[in-house]
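A.B. asks: This is the structure I have questions about; it appears just below.
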Amino acid sequence: QRHLISAADLTRDDAVLILDTAEEMARVADRPIKKLPTLRGRTVVNLFFEDSTRTRISFEAAEKRLSADVINFSAKGSSVSKGESLKDTAQTLEAMGVDAVVIRHGASGAPYTLANSGWIDAAVINAGDGTHQHPTQALLDAFTMRRRLVGRDAGLGRDLAGKRITIVGDVLHSRVARSNVDLLHTLGAEVTLVAPPTLLPVGIGSWPCEVSYDLDSTLPKADAVMMLRVQRERMNAAFFPTEREYARRYGLDADRMAKMPADAIVMHPGPMVRGMEITAEVADSDRCTAIEQVANGVSIRMAVLYLLLGGNEPAVGQARPSVH
Ligand code: CP
Numbered sequence: 002q003r004h005l006i007s008a009a010d011l012t013r014d015d016a017v018l019i020l021d022t023a024e025e026m027a028r029v030a031d032r033p034i035k036k037l038p039t040l041r042g043r044t045v046v047n048l049f050f051e052d053s054t055r056t057r058i059s060f061e062a063a064e065k066r067l068s069a070d071v072i073n074f075s076a077k078g079s080s081v082s083k084g085e086s087l088k089d090t091a092q093t094l095e096a097m098g099v100d101a102v103v104i105r106h107g108a109s110g111a112p113y114t115l116a117n118s119g120w121i122d123a124a125v126i127n128a129g130d131g132t133h134q135h136p137t138q139a140l141l142d143a144f145t146m147r148r149r150l151v152g153r154d155a156g157l158g159r160d161l162a163g164k165r166i167t168i169v170g171d172v173l174h175s176r177v178a179r180s181n182v183d184l185l186h187t188l189g190a191e192v193t194l195v196a197p198p199t200l201l202p203v204g205i206g207s208w209p210c211e212v213s214y215d216l217d218s219t220l221p222k223a224d225a226v227m228m229l230r231v232q233r234e235r236m237n238a239a240f241f242p243t244e245r246e247y248a249r250r251y252g253l254d255a256d257r258m259a260k261m262p263a264d265a266i267v268m269h270p271g272p273m274v275r276g277m278e279i280t281a282e283v284a285d286s287d288r289c290t291a292i293e294q295v296a297n298g299v300s301i302r303m304a305v306l307y308l309l310l311g312g313n314e315p316a317v318g319q320a321r322p323s324v325h
C-alpha cells in the first residue's frame with residue numbers, strides 16, 4: 002500500500018515505526034546541512050483546497066529536507082474557481098510527473114476518493130479532510146507525547162500504553178480529535194473527550210474513549226490535555242457558543258492548569274484562539290507544547306514521505322511499514 006488516508010488504518014507497529022523513523026529524521030534538523038538525498042528526482046505536489054499555515058509549510062519543509070522537487074497548488078487563484086473538478090485537477094498535475102499528492106480538502110473523503118478512484122497513480126497523503134481525518138497531525142501529537150511523557154531515547158520502540166490524554170473542545174468538527182482518538186487507542190493510551198453536548202458527534206458512544214462534560218474533574222488525572230479550537234467556519238452562526246460562556250466552562254486558564262499533575266503537558270494543534278479555548282498565559286507557558294508540535298511535524302512528515310516513497314535505500318536503516 003502507498004497511501005496514508007486515516008490514522009485508523011495504522012497498526013501499532015506501523016505507528017511506532019513512523020515515530021521511531023521521525024526520531025531519526027529529527028537528527029537531520031540538528032545538522033549544518035539539513036538535507037537527505039532520499040527523494041532526489043521525485044516530485045511531490047501539495048494540493049491545498051483549504052487554508053493552512055502549519056501543515057502546508059511543514060510538508061514543504063519535509064519534502065525539501067528529503068530533496069524532493071516540490072509543487073505547491075492552492076485552490077485559491079487556480080482553475081478550481083472556474084469549476085474544474087478534483088479529478089481533472091489531479092490528473093492535470095499528474096501529467097506533469099507527480100509521485101505523491103499531499104491533499105487538504107474541505108470534503109470528508111476526498112483523499113480516499115483520490116487514492117481509490119484510479120484517477121491517478123501517485124501516492125496520496127491526507128493533510129486534513131473536512132471533519133474526518135488529519136493523520137499526520139495525530140502522528141506528530143503522539144510523537145510529542147512520547148518524547149515528553151516517555152522520553153526521547155527511552156521512547157524508541159515504545160507506544161503510549163497507560164498514558165491518560167484529555168481532549169477538550171469542538172470534537173464535532175475536529176478531524177484532529179478523530180485522528181487522535183484512533184491513533185492514541187492503537188498506541189494504548191486512555192483518552193477522555195470533554196465537550197459541551199452540542200459539540201459532540203452523533204455516535205460518539207462507539208468511539209474507543211470516555212466522554213465527559215466536566216473539564217475540572219478530568220484535569221487531576223491527565224498526562225496531557227489537548228485543547229481544540231472552536232471551528233466557527235464549519236458552524237451555522239446560530240450555533241456559535243458565546244466566547245465568555247465557552248471559556249468559563251471549557252477554556253484552559255492558569256487556575257485550571259494548576260489542577261493538572263505537575264509534569265502534565267498542554268497541547269494545541271493550532272491555530273489557537275487565545276481567550277477562547279486557551280488563555281495567553283497558558284499558551285505561552287513552558288507546559289504548552291504548541292510550538293514544539295509544529296517542529297515535530299516536520300520530522301513526522303519526513304518519516305511518512307520517506308516510508309511511503311523512500312526509494313530503495315533505507316536512509317535510516319529500517320524497513321518500510323505497511324502504511325495504507
Ligand atoms: N494544525 C493544523 O492543521 O494547522 P493548519 O490548519 O495551519 O495546517
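Every number in full-length UniProt numbering is 1 more than the matching position in the sequence shown, counting from 1. We put the beta carbon where it would ideally sit given N, CA and C, even for glycine.
Classify Ser-59 as buried or exposed, calling it buried when 16 or more other Cβ atoms lie within 10 Å of its own Cβ.
C.D. replies: Result: buried.
A.B. asks: Report yes if the C-beta of Gln-134 is less than 8 Å from at least one heavy atom of ligand 1; otherwise report no.
C.D. replies: No - ligand 1 has no heavy atom lying nearer than 8 Å to the Cβ of Gln-134.
A.B. asks: Does DSSP put residue 1 in a helix, a strand or coil?
C.D. replies: Nothing in the structure corresponds to residue 1, since the chain is present only between 2 and 325.
A.B. asks: Can you tell me whether Met-26 is buried or exposed? The criterion is at least 16 other CB atoms within 10 Å of its CB, across all chains shown.
C.D. replies: Buried.
A.B. asks: For Arg-149, which residues in the same chain have their Cβ closer than 6 Å to its Cβ, ignoring the five residues on either side in sequence?
C.D. replies: So the list reads Ile-266, once near-sequence residues are dropped.
A.B. asks: Using only the alpha-carbon positions, how far apart do Ala-225 and Arg-288 sit?
C.D. replies: Roughly 10 Å between the two C-alpha positions.
A.B. asks: Between the alpha carbons of Asp-21 and Arg-28, how many angstroms are there, rounded?
C.D. replies: Spanning the two alpha carbons is a distance of roughly 12 Å.
A.B. asks: What are the boundary residues of the alpha helix (DSSP H) that Gly-298 is part of?
C.D. replies: That run of the alpha helix (DSSP H) goes 291–310.
A.B. asks: Between Asn-181 and Ser-7, is the Cβ-Cβ spacing less than 9 Å?
C.D. replies: Against a cut-off of 9 Å, the Cβ pair of Ser-7 and Asn-181 comes out as no contact.
A.B. asks: Report buried or exposed for Leu-308, applying the criterion of at least 16 other Cβ atoms within 10 angstroms of its Cβ.
C.D. replies: Leu-308 should be labelled buried.
A.B. asks: Between the stretch 127–141 and the stretch 172–180, are three or more C-beta pairs nearer than 8 Å?
C.D. replies: Enough Cβ pairs lie closer than 8 Å, so yes.
A.B. asks: Got a sec? Which residues, its chain only, sit under 6 Å from Met-258 by beta carbon, not counting five neighbours each side?
C.D. replies: Closer than 6 Å at Cβ, skipping near neighbours: Val-283.
A.B. asks: Is Val-177 close to ligand 1? I mean its beta-carbon at under 8 Å from any heavy atom of the ligand.
C.D. replies: Under cutoff, so the answer is yes.
A.B. asks: Kindly list the residues whose CB is nearer than 8 Å to the CB of Ser-53, restricted to its own chain and excluding five residues on each side of it in sequence; keep chain order.
C.D. replies: Here the set comprises Arg-105, Ala-128 and Gly-129.
A.B. asks: Please classify Arg-302 as buried or exposed, where buried requires at least 16 other C-beta atoms within 10 Å of its C-beta.
C.D. replies: Flag for Arg-302 reads buried.
A.B. asks: On a CA-only basis, which of Thr-193, Arg-230, Glu-246 and Asp-254 is nearest Cys-210? Give me that one, please.
C.D. replies: When each option's Cα is compared against that of Cys-210, the closest is Thr-193.
A.B. asks: For Met-227, does the three-state DSSP call read helix, strand or coil?
C.D. replies: Met-227: strand per DSSP, three-state reduction.
A.B. asks: Runs of 4 residues minimum, wholly inside the stretch 204–276: which ones carry the alpha helix (DSSP H) assignment?
C.D. replies: The qualifying runs are 216–219, 244–251 and 255–258.
A.B. asks: I think Ala-16 touches Ala-143, with their Cβ atoms under 8 Å apart; what is that distance to the nearest whole Å?
C.D. replies: Their Cβ separation, rounded to whole angstroms, is 7 Å, which keeps Ala-16 and Ala-143 in contact under 8 Å.
A.B. asks: Using only the heavy atoms of ligand 1, determine whether one of them is closer than 8 Å to the beta carbon of Gly-271.
C.D. replies: Within the cutoff, so yes.
A.B. asks: Does the structure place the stretch 91–101 close enough to the stretch 63–76 that three or more beta carbon pairs sit under 8 Å?
C.D. replies: Flag = yes, the stretch 63–76 and the stretch 91–101 touch.
A.B. asks: Mapping the DSSP letters down to three states, classify Thr-44 as helix, strand or coil.
C.D. replies: Looking at Thr-44 - three-state DSSP - the assignment turns out to be strand.
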